Structure formats: C-alpha cells, structure tokens
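Chemist:
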Amino acid sequence: MTSTARPTKLDEFLPYQLSIASNAASNRIAEVYRNQFDLRIPEWRIMAVLGDAGSATQRDLAERTVMDKVAVNRACRSLEERGLLEREPNATDGRSHHLALTGEGRATYDRIMPLAREMEQRLFAAFTAEERATFSRMLSRVRDRAGQLDPDTDFGDPGAG
Numbered sequence: 001m002t003s004t005a006r007p008t009k010l011d012e013f014l015p016y017q018l019s020i021a022s023n024a025a026s027n028r029i030a031e032v033y034r035n036q037f038d039l040r041i042p043e044w045r046i047m048a049v050l051g052d053a054g055s056a057t058q059r060d061l062a063e064r065t066v067m068d069k070v071a072v073n074r075a076c077r078s079l080e081e082r083g084l085l086e087r088e089p090n091a092t093d094g095r096s097h098h099l100a101l102t103g104e105g106r107a108t109y110d111r112i113m114p115l116a117r118e119m120e121q122r123l124f125a126a127f128t129a130e131e132r133a134t135f136s137r138m139l140s141r142v143r144d145r146a147g148q149l150d151p152d153t154d155f156g157d158p159g160a161g
C-alpha cells in the first residue's frame, strides 16, 4: 500500500499486517543473505536453528522454523550439497537423521550472525529498548496462541446460517 492509498479493512486486519511486515523485513534481509552468502531465507533459517541447537532432525527443523517439510527438505539438501550441513543416522529412529552444520557451515553462520544483529538493530532503530522487549513478548504470545487454536473447532463455519 502506498501512503496515498486509502486504508482498507484488510489494512486494519492484524494477521495481514503481521504478514506484510514479516515479508518486508524478510525480503530486505534475504537480499543481503543472497548477495553476500548465496543463501535463501529457508536455508538461512535452517542454519540459524542448527547454529543455536547444534543438531536437529528435519522434523525438529520444520517445527522450529514453522516451514513445511518440503521446504525444509529442499533447504537441507541444498546446504548439504554446498558442504554447509552434514547428516548422521539417528540411532533412536532409523527413519530420520541428525543434521548439523559442518565446520564451513559454522564459519558461515559465525560470519552472518553479526550482520543479522546489525540488520535487526537497523530495523528496530525507531523502537526503544522497552518497546522492542514488549513487541517480542507480544509476538511470542501471538505465536503461542496461534498454535493453540484448532481450525476445526475454534472458528465458526461462515457458510452456516
């Protein structure tokens, strides 16, 4: 929406606002990751989780990143082909693997993190520290609540009458 466009009901719909804000921030950050590290957003999300967690299964990665299994699989395969990720058999579940960053993957992660923090600072430069903390808590509450809602039982049938 441009600043001259008349606000619509959609512009006041909070889930829409969250999506648009997320896409705007992600797209800007994605340009930097793509240009400097040849990484797409799903690949970076996988690297970020593994950089924090150490290792995880693809199922864990799908849950932590809230990405579908196909996107996670594709990102993991790409990272593995580039030598940034390695997989080892899961001793407790023969159908899955533990995924972890390789030495090169960890080095790339360590180069990206300061840049990611700088981008975060620039995105939220107009926020006070208290506003950033409040915003973070509010986003956590939205994410938690969204996970608690059941689309089959918590929402009415708009076609019922």
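The sequence shown begins at 1 in UniProt numbering and counts up by one. Just so it is clear, CB atoms sit at the ideal spot from N, CA and C, and this is done for glycine as well. Treat the numbers as computed from the prediction; the structure is a model and nothing was measured.
What is the DSSP secondary structure of Met1, reduced to helix, strand or coil?
Modeler: Below a pLDDT of 50, predicted positions are generally treated as unreliable, and Met1, at 49, falls in that range; the measurement from the model is reported next regardless. Here Met1 carries a coil assignment [DSSP, helix/strand/coil].
Chemist: How close, in whole Å, do the beta carbons of Ile112 and Phe37 come, if the pair is a contact with beta carbons under 8 angstroms?
Modeler: About 6 angstroms separates the two Cβ atoms, so the contact holds.
Chemist: Evaluate Arg45 with the Cβ neighbour count: other Cβ atoms within 10 Å of its Cβ, from every protein chain shown; 16 or more gives buried, anything less gives exposed.
Modeler: buried
Chemist: Ser26 to Ile41, Cα distance in whole Å?
Modeler: 8 angstroms
Chemist: Does DSSP put Arg82 in a helix, in a strand, or in coil?
Modeler: Residue state, collapsed to three classes: coil.
Chemist: Where does Gly161 fall in DSSP's three states?
Modeler: Low confidence applies here, because Gly161 scores a pLDDT of 46, under 50, leaving its location unreliable and the question unanswered by this model.
Chemist: Can you tell me where the alpha helix (DSSP H) with Leu123 in it begins and where it stops?
Modeler: Note, Leu123: alpha helix (DSSP H), Gly103 to Leu123.
Chemist: Which whole-angstrom value describes the C-beta separation of Ser96 and Gln58, a residue pair presumed to lie in contact below a C-beta threshold of 8 angstroms?
Modeler: Contact flag correct, Cβ pair sits at about 7 angstroms.
Chemist: Hey, would you say Ile29 sits closer than 9 angstroms to Ala116, going by beta carbons?
Modeler: yes
Chemist: Assign Leu50 to buried or exposed, taking buried as 16 or more other Cβ atoms, counted over all protein chains shown, within 10 Å of its Cβ.
Modeler: buried
Chemist: Thinking C-beta only, is Glu86 closer than 9 angstroms to Ala100?
Modeler: Yes; because the gap between Cβ atoms is below 9 angstroms, this pair is in contact.
Chemist: What residues in its chain sit with their C-beta under 8 angstroms from that of Gly83, if we drop five residues either side in the sequence?
Modeler: Thr102, Glu104 and Gly105
Chemist: For the alpha helix (DSSP H) holding Gly51, just list the boundary residues, first then last.
Modeler: From DSSP, the alpha helix (DSSP H) with Gly51 extends over Ile41 to Ala53.
Chemist: Using DSSP with H/G/I as helix, E/B as strand and the rest coil, what is Arg87?
Modeler: Assigned with DSSP and collapsed to three states, Arg87 falls in strand.
Chemist: Using only the alpha-carbon positions, how far apart do Glu120 and Tyr33 sit?
Modeler: 14 angstroms
Chemist: Within the continuous alpha helix (DSSP H) that includes Leu18, where are the two ends?
Modeler: Leu14 to Phe37
Chemist: Hey, would you say Leu79 sits closer than 9 angstroms to Glu31, going by beta carbons?
Modeler: no
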